[in-house]
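J.:
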Amino acid sequence: MAFIECRGLYHDYNAGMENEYRALDNVSLRVEKGEFVTILGTNGSGKSTLAKHFNALLQPTQGKCLVDGIDTSDEARLWDIRSRVGMVFQNPDNQIIAAIVEDDIGFGPENIGMEPHEIRRRVTAALKAVNMEEFRHFAPHLLSGGQKQRVAIAGALAMNTECLVLDEPTAMLDPAGRREVIDTVCRLNREQGITVVNITHFMEEAALSDRIIVMNKGRIMKEGSPEEIFQDIGGMRQLGLDVPVATELAYRLSRKGLQLDRAIINQEALVEALCRLK
Amino acid sequence: MSIEVRNISYIYMPKSPYERLALDDVTITIPEGKITAIAGHTGSGKSTLIQHLNGLISPSQGCVLVDGVDIAAKGQAARQARRSVGMVFQYPEHQLFEETVEQDIAFGPKNYGLTPEEVKERVRFAMDFVQLDYEEYSQRSPFQLSGGQMRRTAIAGVVALRPKYLVLDEPTAGLDPKGREELMQRILKLHRQEKNTIVLVSHSMDDIAKFADNVVIMNRGRVLMEGTPREVFVREDFIRQAGLDVPQITNIVKALKAGGMDIPSDIYTMDEAVDAIVRAMRGKNRAGGAEKC
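Those protein sequences? They're chains A and B, same order as listed.
Under my numbering, the first residue of the first sequence is numbered 2, with each subsequent residue one higher.
Under my numbering, the first residue of the second sequence is numbered 6, with each subsequent residue one higher.
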């Protein structure tokens with residue numbers, strides 16, 4: 002059974018009004034448990050609208066969205082869904098609410114009436130999971146962007162989330178912050194089996210995932226491994242997207258007559274391929 | 006002529022428990038007619054620095070001269086100097102407020118006392134620059150546009166002022182690859198056409214390598230380095246210490262060199278890399294492929 006499943010999902014904004022707008026147009030997809038999936042697409046392609054269905058922030062206009070087998074339109078199960086799927090948004094300042102890091106992470110568990118000692122245990126474990134133990138008593142506004150995003154991730158982990166849905170979590174960060182966040186997400190996926198759905202405009206991040214879903218105008222255009230998706234450089238550019246720097250370099254070298262595999266998506270693969278060339 | 010930042014320091018919330026030295030004795034020159042990039046980690050003082058360039062905040066110490074005029078002074082000349090610096094903030098679409106795209110873009114030029122005809126001409130010019138069709142978009146509400154269109158509308162509002170110095174704080178953050186490339190190309194085109202000076206705050210070392218004439222690297226409120234991209238990127242240790250990185254292509258080239266390829270390490274753009282690798286591979290063929298890579 003897929004952990005997240007969408008069947009024939011449509012979403013119309015302002016339904017029935019003059020400015021009605023179809024943001025999702027017959028989307029069907031599956032995200033398996035433990036998988037790391039990236040969603041790519043231009044601004045306005047429906048990525049964020051889709052992600053908001055994954056923890057019932059939005060409801061389908063038509064079709065279904067199931068999380069761990071639970072229909073997201075089942076209001077009685079809303080909290081079951083939200084505790085399974087944690088969301089992290091682009092702007093870290095819009096999602097931190099407490100004055101001290103540990104209070105922020107403990108906010109969710111406290112809200113569902115958890116025992117104080119259990120909250121403490123969860124907060125400690127969550128801080129450890131994102132390598133932020135030493136910042137437990139810090140004021141969040143004194144943290145860097147990457148640290149704030151890791152606090153947001155810890156907040157989801159404290160609810161024992163099984164899946165992280167990240168909507169451009171690194172868009173506002175500097176290079177070091179971006180690396181911190183993406184390393185943390187990869188590690189949680191690998192070591193704790195947390196299912197990850199990452200929305201990003203950075204192709205190098207997409208290259209790290211198991212599978213890429215490409216969206217355009219509310220529809221799924223392509224699905225496949227990073228190697229499959231990035232082989233089609235022209236197609237990606239046509240959709241307003243790009244490929245990793247290593248892929249572009251390999252492509253341009255092959256046009257100069259070097260015999261390179263088309264499925265090069267990172268630095269390691271490119272170095273290896275060039276070294277093998279005679 | 007240029008913008009001269011002379012020994013400025015800035016203290017946030019002085020004499021409070023939160024007092025923090027955001028800028029510490031910063032001196033830089035922003036030469037006229039060039040593209041100057043400012044890079045640095047979050048909290049390094051970049052945004053505080055650029056807010057000094059048109060007097061939005063005044064330095065605790067030091068001064069800023071625009072074309073030789075101290076912008077902190079009173080009077081017409083100082084006001085003119087401040088006005089010659091146009092500022093596009095981070096996420097400028099959050100500052101849209103008018104009912105139509107046209108009114109929003111017209112707000113600045115109107116406030117500068119231009120005639121209605123001039124204002125209209127400026128709006129058309131600015132919308133053309135950001136590639137928003139006047140007929141289609143001028144009467145739409147800015148709040149019903151896509152994220153990329155809102156960003157472009159907000160930038161148009163500053164471009165309409167035709168500032169001699171145009172300062173942009175991470176203008177491409179959050180845009181998709183096509184939007185990023187298009188916006189950078191438009192900025193470059195405007196720069197060439199208007200011969201204006203661009204100050205660009207950016208985290209993208211790839212963009213800096215591609216577009217900037219000069220780079221200022223900030224670290225903890227101080228200027229860590231200043232120079233051409235080539236001069237700056239060669240100090241990789243400094244760059245990393247500042248929480249930044251060299252361009253991705255440079256990392257790939259270094260990995261190739263580490264793997265034994267005979268290739269120079271000071272390569273910062275895709276074009277340079279393609280040429281250098283092709284040359285290195287040919288050289289290897291001539292040598293009979295004896296090396297390990």
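C-beta atoms are modelled at their ideal positions from N, C-alpha and C, and glycine is treated no differently.
(1) Residue 169 of chain A touches chain B at which residues, Cβ-Cβ below 8 Å?
(2) According to DSSP, is residue 83 of chain A helix, strand or coil?
(3) Can you name, in chain order, every residue of its own chain whose Cβ lies under 6 Å from the Cβ of residue 241 of chain A, other than the five neighbours on each side?
(4) What are the partner residues of residue 36 of chain B, as DSSP defines its beta bridges?
(5) Closer than 9 Å, CB to CB, is residue 239 of chain B near chain A or not?
(6) Under 9 Å, Cβ to Cβ, is there at least one residue of chain B near residue 257 of chain A?
(7) Does DSSP put residue 288 of chain B in a helix, in a strand, or in coil?
(8) With 16 as the cutoff for other CB atoms within 10 Å, does residue 89 of chain B come out buried or exposed?
(9) Grab me the residues of residue 267 of chain B's own chain with a C-beta within less than 8 Å of its C-beta, minus the 5 sequence neighbours each way, in chain order.
(10) Can you look up residue 15 of chain B in the DSSP assignment and give me helix, strand or coil?
(11) Given a cut-off of 9 Å, decide if residue 43 of chain B and residue 55 of chain B are closer than it, judged by their beta-carbon atoms.
(12) Would you identify the three-state DSSP class for residue 255 of chain A, choosing helix, strand or coil?
(13) Output the boundary residues of the beta strand (DSSP E) element that contains residue 170 of chain B.
(14) Quick test of your reading: residue 109 of chain A and residue 47 of chain B, contact by CB under 8 Å. State the CB separation rounded to the nearest angstrom.
(15) Starting from residue 65 of chain A, follow its DSSP beta bridges and name the residues at the other end.
(16) With 7 Å as the C-beta to C-beta threshold (strictly closer), list the residues of the region 221 to 247 of chain A near chain B in chain order.
(17) Could you give the uninterrupted runs of the alpha helix (DSSP H) lying entirely in the region 78 to 160 of chain B, keeping only those of 4 residues or more?
(18) So with CB distances below 9 Å, who are the chain A contacts of residue 249 of chain B?
(19) Taking all protein chains shown into account, do 16 or more other C-beta atoms lie within 10 angstroms of the C-beta of residue 107 of chain B, making it buried, or fewer, making it exposed?
(20) Hey, quick one: how far does the alpha helix (DSSP H) through residue 189 of chain B stretch, first residue to last?
(21) Under 8 Å by Cβ, that's how I've got residue 127 of chain A and residue 155 of chain A pegged, so tell me the actual separation to the nearest angstrom.
(22) From A:153, A:205, A:7, A:204, pick the residue whose C-alpha is nearest to that of residue 1 of chain A; which is it?
(23) Whole-angstrom Cβ separation of residue 196 of chain A and residue 53 of chain A, contact assumed at under 8 Å?
(24) Identify every residue that forms a DSSP beta bridge with residue 13 of chain A.
(25) Does the CB of residue 147 of chain B have a neighbour CB from chain A at under 9 Å?
(26) Using a Cβ-Cβ distance cut-off of 9 Å, determine whether residue 222 of chain B contacts chain A.
(27) Around the Cβ of residue 206 of chain A, are there at least 16 other Cβ atoms within 10 angstroms (buried) or fewer (exposed)?
(28) Going by alpha carbons, who is nearest to residue 311 of chain A out of A:21, A:224, A:26, A:170?
(29) Under 9 Å between C-beta atoms, does residue 172 of chain A make it to chain B?
(30) Roughly how many angstroms separate the alpha carbons of residue 149 of chain B and residue 156 of chain B, rounded to a whole number?
(31) In angstroms with no decimal places, state the Cα-to-Cα distance between residue 15 of chain B and residue 250 of chain B.
(32) By DSSP, does residue 272 of chain A sit in helix, in strand, or in coil?
(33) According to DSSP, simplified to helix, strand and coil, what is residue 24 of chain B?
(34) Measuring only the C-alpha atoms, how far is residue 122 of chain B from residue 114 of chain B?
(35) Taking a cut of 7 Å between CB atoms, which residues from the region 84 to 115 of chain A lie near chain B?
(36) Assess contact between the region 84 to 99 of chain B and the region 160 to 176 of chain B, defined as three or more Cβ pairs (one per stretch) separated by less than 8 Å. Is contact present?
T.: A quick look at the data gives this:
(1) 179
(2) helix
(3) 43
(4) B:7
(5) no
(6) yes
(7) helix
(8) buried
(9) 285, 288, 289, 296
(10) strand
(11) yes
(12) helix
(13) 170 to 174
(14) About 26 Å; that fails the 8 Å criterion.
(15) A:8
(16) 241, 242, 243, 246, 247
(17) 81 to 88, 106 to 116, 121 to 134, 139 to 142
(18) 175, 176, 177
(19) buried
(20) 182 to 199
(21) 4 Å
(22) The displayed coordinates of chain A run from 2 to 279. Any statement about residue 1 of chain A would go beyond what the structure contains.
(23) Not confirmed; about 17 Å, so no contact.
(24) A:23
(25) no
(26) no
(27) buried
(28) Not covered by the structure: residue 311 of chain A. The range shown for chain A is 2 to 279.
(29) yes
(30) 12 Å
(31) 27 Å
(32) helix
(33) coil
(34) 11 Å
(35) 91
(36) yes
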